[in-house]
Every structure is written in structure tokens, then in C-alpha cells.
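Have a look at the structure below, then the notes.
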Amino acid sequence: MRLLTTNLTYKDVQPKLRETVDMLFQKVPAGVGCKGFLKVNEKEYRDLMETGSKWCIDHGYGWDTDLKRIEEHGCITQADSSKVSDKAIKRGISQLGTLGSGNHYLEIQIASSANIFDEAIAKKMGITIPDQVVVMVHCGSRGFGHQVATDYLKVFDEAMKKYNISVSDRELSCVPFQSKEGQDYYQGMACAANTAFANRQVILHRIRECFSSVFKRSAEELEMNLIYDVSHNIAKVEKHKIEGKWKEVIMHRKGATRSFGPGHDELPKEYQKIGQPVIIGGSMETGSYLLTGTQKAMDETFGSTAHGSGRTMSRTQAKREFRGDSLQKDMECRGIYVRAVSMSGLAEEAGKAYKNISEVVDVLEHSGISHKVVGFNPIGNVKG
Amino acid sequence: MKGYEYFDHTADVGIYAYGKTIEELFVNAALALSDQMVNIAHLSSSMVKTLSLSATSEEKLLYDFLEEIVYLKDSENILFSDFKLKIKKEKGHVSLIATLKGDPINPKKQELRNDVKAITMHLFTIEKINEGYKATVIIDI
């Protein structure tokens, strides 16, 4: 997930909403078979997967200041491109700068005064004016990361016999971290994580270009600053206090997101006192939230929290209940302009197919593992 | 006997594929997968691909076969709607030779649906039923 500010308000954007969303739909391709604008050769792609967002910034796709506001500064250093297959490279190499489909999206949102829950912290993150416009992006490394996972799932499925491991669900295949297979996978997975950071980085660059073109001001003048970028399908080596002692552990966050509390040395200076920004995506109809990480999350949930609202309805059921084209029209009447590649895909993402995001966020706030700061309402959305 | 049907799975999509023979089962599973990505009625056969795969079990072979269809979608930009294949069992191995026919992805001519990310091993099975075979596959959307 990635979230950035603008210094525009709803009043500024509303008259140009269609133009902005249409341009984003064109410049940030989505859906089956979409190809990205960034053309790289295999050597460049290997460099990119080993250095993540930094590669993009070195090549002109972003600002130096972006890096400190990305989990791991946009690069897991253990990445080793020799641990990924040619198939993974062939799947991913033309997808840089693309959104994909499913629940991935690019959304223009509003932070209205009524949805500011902690004004002081919101200001520290750059949410400073009433009805301020922000942009949220949800996507990952696309086919590349999935191929890395598929490749190693097969390796692990065989290797488990050797390590005398049995699991009730083969999708949860595993091997010891310090084994050859475990280390190979970790280094390959780090390439996938870095490619996801890089993909969101080039998408951020495209968003800045689009806003700059529509609103006739530079992205710097529009204060299109990154608030934060955080992953929610990842495994990483982290230090956590367990029964009073610091231990190095492998943190798997699948459908969970990092929620580091104030004072953590991974956080940039400006977030040291408030904790890590936590981006929680809701549905395209109902809104999303910005929270912060807490000490309680460090103490009780290994610095982790929920990553989204979660579905209440399967995709098949959602398609039975909603039609993409009528949903699109209905949302437009409610002030949300949506461009989607697939109408059936749009129906699957209907707001009613998801839990109430506000209730989910309130649970996180009440349990103390994250602190609610701002709620956002969608006004424009690009989907696969 | 129906060829395939979908079943509810919270965030992903479940497929039940059927076949009187193991070959028919593989074809129907491939059609079910393709139909999630594109309206297969919109495809013709301008592109032809041949696949040769080998695995230690029929289940693993089906996994590899479906995974290859997802791979070709991203790496070569092709979606398929026509599958012909022969499966051979030998000692400790099952292999297939398949001919896949389809078209390059073209949003102007095809109703594109979900960009399938992966075939999962969650609940992945092939079972013998009275009429032949049934496969259960969950695909990651």
C-alpha cells in the first residue's frame, strides 16, 4: 500500500475529476495482459529486484525523500536475483508500472474535517487542510512475485519430506529458514518484495506526472509527498522482545501490515514520535484509513495490525448480487468516478462484498494495536 | 456430465473440473481457468503453443499444466480456449503433450476478466468419481 498527499482540495479536483481519473487509467495500466511504460532489459530488471525503489529513484522515477518513507527504505538487502527463475523474470519484466486486477486499485480520496480523528498526528503526516485530496495505491510485484512463490512452493513440497515436516494445507509448505531451500526462497522473496516497492515507485512517478499535467503545476508545487509505503504480504527478519528478551524472528505478514510504534529505529525522524503510518484500504465504495503503529502492537502483535477490511462475500456471490455497469453508474451518482477494465471484476469489488471498514478500524483502535488518525472517502478509482 | 463449475471461496475462486478421462479432466480444468481470465467465446485460434510436461503424479502434472497457462498469459500475452492433450503414465512418472490454441490478449476484441495471479495448492486434488475424475483447484485472483 502506498499513500501520498497533494495540497489540492476536493473543490480543486472535483471539476477535473474525470480528466484526472481518465489520464490515470491510461497511464497506469490495469487488468489482464497490461504492460507497463517502463521498459527494462534483463540486467536492469535484475538490478531493480536487488535494489528496489532506489533503482527507480536513481533512474529518475521519484524523489530522494521518498526512500525514507518506505518500509525497509524500499529495499530488502538480502535479495539475490540468482535465486529467481527465468520464468519469474519473463512474467514480470514487462509489468512494471501496472496495477493488475482483483482487489488492486489506484484511488483518489478526500480527508474531510469530520474524518480527522487526531489532528496533530494528521498534520505531522501532511494532512493539513480541510477536504484535502490524497492518492492511495494498492498493488504488488504482479506476476513476478507469484511466480517466485509458485516455483518455491514446488521446491518446498518436495523438500518437506527430507525435513520430516507435514502440513495440513500444502499451500502452507515450509522448510527450516537456515536450510538451503529456506535461504534461497528468502533471497528470492526479497527480490519480489523489492520489485513490489519498485512497481509502486514507478506508479507514484506516473501519478505525479498525471496530476502535474492536469493541474498545470509541478508535483513539487502540488506537494505530492509520500506519506508511507508498507507491505502486507511479506516475510522479514525482525527483532522483537519475547518474554523480556530480544530475539531475531522471521515475521510473516500475510493479510497483516506492519504497525511499528513510536521510537522504532526503522522509522524516519519525522515519524519517530508518532509511530509508523499504517495504511488500511477499505472497499472502493466505502473508504480507507490512515492509522499509526503503537507500543501495544510492539508488545502484543509483533508490531503488526490488520491490512484491510476483509471480504464478507465470495467473488462468485458478489457477481450474483451486483452488476459492474450498474454499480459504476450508481457510484458516479454518489460522486465516485470509477474506470475499470473488467465489469465483472468491478462487481466482485462492490462495497457490500466487504466488511464495514469503520468497524474494523474501531476494533484496531480499541484493542490498541493501531491508532486511528484519518478516514478517507473515495472520489475516483482505477481498477483492473 | 458438466465440464466445470465454480464454487465460493472468500477471496479467491474455486474450480471443480470433471472428466470421463484424465485428459478430459485436464482440458476442462484449463477451460475453467481460462474462462476466469477472459470470455473464452471471444477467442479463436490464431496462436498455437505446444507444451511438454512431466511430473511424479497426476496432481502435480495438472498443477504444472495450469501454472503454464498463467505463465503464458503474462510472458507471451496469450490466452487460450482450445486444448488438446495426451497423457502418458510410465513408472513413477506422468507426462503430457498438449496443443494450446488461442489469441494474443486484446481488450478491444475480448471481454477480459480477472488477472489470475497463481494456482494454489490449497485443497488441490484429483479424485476418482463414479463417472470418471474430479479436480478441485483454488486460483488466486
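Quick mapping for you: the protein sequence lines, in order, are chains D and Y.
Start counting the first sequence at 1; every next residue gets the next number (this note's numbering).
Start counting the second sequence at 385; every next residue gets the next number (this note's numbering).
Ideal Cβ placement from N, Cα and C applies to all residues, glycine included.
For this session: Taking only the alpha-carbon atoms, compute the straight-line gap between D:Pro-185 and D:Thr-65 and give it to the nearest angstrom.
Result: As a position in the first sequence, residue 185 of chain D is number 185, starting the count at 1. As a position in the first sequence, residue 65 of chain D is number 65, starting the count at 1. For the record, residue 185 of chain D in the displayed sequence is Tyr; it is not Pro. Their backbone Cα atoms lie some 31 Å apart in a straight line.
Problem set entry | Own chain residues within Cβ distance below 6 Å of Y:Asp-419, not counting five before or after | Reading the second sequence from its first residue, position 35 is the one you call residue 419 of chain Y. Answer for Y:Asp-419: no residue qualifies.
For this session: Verify the CB distance criterion: does Y:Met-421 have a CB-CB separation below 8 Å to chain D?
Result: Counting from 1 along the second sequence, the entry for residue 421 of chain Y is found at position 37. So yes, Y:Met-421 belongs to the interface.
Problem set entry | Between the CA atoms of D:Glu-107 and D:Glu-359 - distance to the nearest angstrom | As a working note, residue 359 of chain D is residue 359 in the first sequence. As a working note, residue 107 of chain D is residue 107 in the first sequence. Separation of D:Glu-359 and D:Glu-107 (C-alpha to C-alpha, rounded to the nearest whole angstrom) is 21 Å.
Problem set entry | chain D residues whose Cβ lies nearer than 7 Å to that of Y:Asn-461 | Stepping through the second sequence from its first residue, residue 461 of chain Y is reached at position 77. Ordered by position in chain D, the residues that pass the 7 Å Cβ test against Y:Asn-461 are Gly-33.
Exercise. Is there at least one Cβ from chain Y nearer than 8 Å to D:Gly-345's Cβ?
Worked result: Counting from one through the first sequence, the residue named residue 345 of chain D turns up at place 345. Closer than 8 Å to some Cβ of chain Y, the Cβ of D:Gly-345 qualifies, so yes.
For this session: Please list the residues of the segment 431–444 of chain Y that have a C-beta atom closer than 7 Å to any C-beta atom in chain D, keeping them in chain order.
Result: Cβ contacts with chain D: none found.
For this session: Can you grab the Cα-Cα spacing for the pair D:Tyr-261 / D:Glu-300, in whole Å?
Result: Stepping through the first sequence from its first residue, residue 261 of chain D is reached at position 261. Stepping through the first sequence from its first residue, residue 300 of chain D is reached at position 300. The sequence shown places Gly at residue 261 of chain D, not Tyr. Distance between the alpha carbons of D:Gly-261 and D:Glu-300 is about 11 Å.
Exercise. Of the residues Y:Val-521, Y:Glu-515 and Y:Leu-435, which one's Cα is nearest the Cα of Y:Lys-470?
Worked result: Taking the first residue of the second sequence as 1, we reach residue 470 of chain Y at position 86. Ranking the options by Cα distance to Y:Lys-470, first place goes to Y:Leu-435.
Exercise. Is the Cβ-Cβ distance between Y:Asp-448 and Y:Leu-456 less than 8 Å?
Worked result: Residue numbering aside, residue 448 of chain Y sits at position 64 when the second sequence is read from its first letter. Residue numbering aside, residue 456 of chain Y sits at position 72 when the second sequence is read from its first letter. In this structure, Y:Asp-448 keeps its C-beta atom at 8 Å or more from the C-beta atom of Y:Leu-456.
Exercise. Do D:Phe-144 and D:Gln-183 come within 8 Å of each other at the CB atom, strictly closer than that value?
Worked result: Here residue 183 of chain D refers to the residue found at position 183 when the first sequence is read from its first residue. Here residue 144 of chain D refers to the residue found at position 144 when the first sequence is read from its first residue. By the CB criterion at 8 Å, D:Gln-183 and D:Phe-144 fall outside the cutoff.
Exercise. Between which two residues does the beta strand (DSSP E) carrying D:His-371 extend?
Worked result: As a working mapping, residue 371 of chain D is identified with position 371 in the first sequence. 370–383 is the span of the beta strand (DSSP E), which, as asked, contains D:His-371.
Problem set entry | Listed by chain order, chain D residues near Y:Phe-508 by CB distance under 9 Å | As a first step, residue 508 of chain Y is located in the second sequence; it is residue number 124 there, counting from the start. Within 9 Å Cβ-Cβ: Arg-170 and Glu-171.
Exercise. Going by Cα to Cα distance, which pick from D:Ile-379, D:Lys-383 and D:Glu-209 is closest to D:Gln-109?
Worked result: Along the first sequence, one-based indexing puts residue 109 of chain D at 109. Cα-wise, what sits closest to D:Gln-109 is D:Ile-379.
Exercise. Closer than 8 Å, CB to CB, is D:Leu-24 near chain Y or not?
Worked result: As a working note, residue 24 of chain D is residue 24 in the first sequence. Taking 8 Å as the CB threshold, D:Leu-24 stays off the interface with chain Y.
Exercise. So, is D:Ser-82 buried or exposed, given that buried needs 16 or more other C-beta atoms within 10 angstroms?
Worked result: Your numbering for residue 82 of chain D matches position 82 in the first sequence. It is exposed - the Cβ of D:Ser-82 has fewer than 16 other Cβ atoms within 10 Å.
Exercise. Which class does Y:Phe-464 belong to by DSSP, given the choice of helix, strand or coil?
Worked result: Numbered from 1 along the second sequence, position 80 holds the residue referred to as residue 464 of chain Y. Collapsing the DSSP output to three states places Y:Phe-464 in a strand.
Exercise. Using the beta-carbon of each residue, which ones in chain Y are nearer than 7 Å to D:Lys-90?
Worked result: For the purposes of this step, residue 90 of chain D is taken as residue 90 along the first sequence, with counting starting at 1. Residues of chain Y whose Cβ lies closer than 7 Å to the Cβ of D:Lys-90 are, in chain order, Ser-459.
For this session: Compute the Euclidean distance between the alpha carbons of Y:Gln-494 and D:Phe-156, then round it to the nearest angstrom.
Result: Counted from its first residue, the second sequence places residue 494 of chain Y at position 110. Counted from its first residue, the first sequence places residue 156 of chain D at position 156. C-alpha separation (whole angstroms): 37 Å.
Exercise. Since D:Gln-132 is in the beta strand (DSSP E), which residue starts that stretch and which ends it?
Worked result: By one-based count along the first sequence, residue 132 of chain D stands at place 132. In the DSSP assignment, D:Gln-132 falls within the unbroken beta strand (DSSP E) covering 132–138.
Exercise. Any chance the CB of Y:Leu-480 is under 7 Å from a heavy atom of the ligand PLP?
Worked result: This structure lacks the ligand PLP; in fact it carries no ligand of any kind.
For this session: Pull up the DSSP beta-bridge partners for Y:Met-431, would you.
Result: The residue you call residue 431 of chain Y lines up with position 47 of the second sequence. Answer is Y:Gly-486.
Problem set entry | Of the listed residues D:Asp-325, D:Glu-348 and D:Ser-344, nearest to D:Tyr-337 (C-alpha basis) | On the first sequence, residue 337 of chain D is found 337 positions in, with the first residue counted as 1. For D:Tyr-337, the nearest C-alpha among the options comes from D:Asp-325.
Problem set entry | Y:Thr-509 vs Y:Ala-519 beta-carbon contact at 8 Å | Taking the second sequence and counting its residues from 1, the one referred to as residue 509 of chain Y is at position 125. Taking the second sequence and counting its residues from 1, the one referred to as residue 519 of chain Y is at position 135. Yes, the pair counts as a contact, with Cβ atoms nearer than the cut-off.
For this session: Just the C-alpha distance for D:Ser-113 and D:His-366, rounded to the nearest angstrom, thanks.
Result: Taking the first sequence and counting its residues from 1, one reaches residue 113 of chain D at position 113. Taking the first sequence and counting its residues from 1, one reaches residue 366 of chain D at position 366. About 22 Å.
Exercise. Roughly how many angstroms lie between the CA atoms of D:Lys-162 and D:Ile-203, to the nearest whole one?
Worked result: Start at 1 with the first residue of the first sequence, and residue 162 of chain D comes out as number 162. Start at 1 with the first residue of the first sequence, and residue 203 of chain D comes out as number 203. Across the structure, D:Lys-162 and D:Ile-203 are spaced so that their CA atoms are roughly 42 Å apart.
Exercise. Would a C-beta distance cut-off of 8 Å place D:Ser-283 and D:Glu-332 closer than the cut-off?
Worked result: Sequence index remark: in the first sequence, residue 283 of chain D carries index 283 (1-based). Sequence index remark: in the first sequence, residue 332 of chain D carries index 332 (1-based). No; because the gap between Cβ atoms is not below 8 Å, this pair is not in contact.
Exercise. Straight-line CA distance for D:Glu-119 to D:Lys-296?
Worked result: Numbered from its first residue, the first sequence carries residue 119 of chain D at position 119. Numbered from its first residue, the first sequence carries residue 296 of chain D at position 296. C-alpha separation (whole angstroms): 21 Å.
For this session: Check the Cβ-Cβ distances between Y:His-393 and every residue of chain D, and say whether any is below 8 Å.
Result: As a first step, residue 393 of chain Y is located in the second sequence; it is residue number 9 there, counting from the start. Output row for Y:His-393: interface = yes.
Exercise. Which partner residues does Y:Ala-502 have in the DSSP bridge list?
Worked result: In the second sequence, counting from the first residue as 1, residue 502 of chain Y sits at position 118. DSSP lists Y:Asp-524 as the beta-bridge partner residues of Y:Ala-502.
For this session: Classify Y:Ala-425 as buried or exposed, calling it buried when 16 or more other Cβ atoms lie within 10 Å of its own Cβ.
Result: Your numbering for residue 425 of chain Y matches position 41 in the second sequence. Looking at its Cβ environment, which holds fewer than 16 other Cβ atoms inside 10 Å, Y:Ala-425 is exposed.
Problem set entry | For D:Gln-109: DSSP bridge partner residues | Translated into the one-based positions of the first sequence, residue 109 of chain D becomes position 109. Beta-bridge partners assigned by DSSP to D:Gln-109: D:Val-134 and D:Pro-378.
Exercise. Rounded to whole angstroms, how far is the Cβ of D:Val-13 from the Cβ of D:Phe-376, which I believe are closer than 8 Å?
Worked result: Taking the first residue of the first sequence as position 1, residue 13 of chain D is located at position 13. Taking the first residue of the first sequence as position 1, residue 376 of chain D is located at position 376. About 13 Å separates the beta carbon of D:Val-13 from that of D:Phe-376, a gap too long to meet the 8 Å contact definition.
For this session: With D:Trp-246 as the anchor, note down where its beta strand (DSSP E) starts and where it stops.
Result: For the purposes of this step, residue 246 of chain D is identified with residue 246 of the first sequence, where counting begins at 1. Membership of D:Trp-246 in the beta strand (DSSP E) is indicated by the continuous run 245–254.
For this session: State buried or exposed for D:Pro-29, treating a residue as buried only when at least 16 other CB atoms are found within 10 Å of its CB.
Result: One-based indexing of the first sequence puts residue 29 of chain D at position 29. Residue environment analysis places D:Pro-29 among the buried positions, since at least 16 neighbouring C-beta atoms fall within 10 angstroms of its C-beta.
For this session: Give the straight-line distance between the Cα atoms of D:Leu-99 and D:Ala-235, rounded to the nearest whole angstrom.
Result: Here residue 99 of chain D corresponds to residue number 99 of the first sequence, with the count starting at 1. Here residue 235 of chain D corresponds to residue number 235 of the first sequence, with the count starting at 1. Cα to Cα, the separation comes out at about 22 Å.
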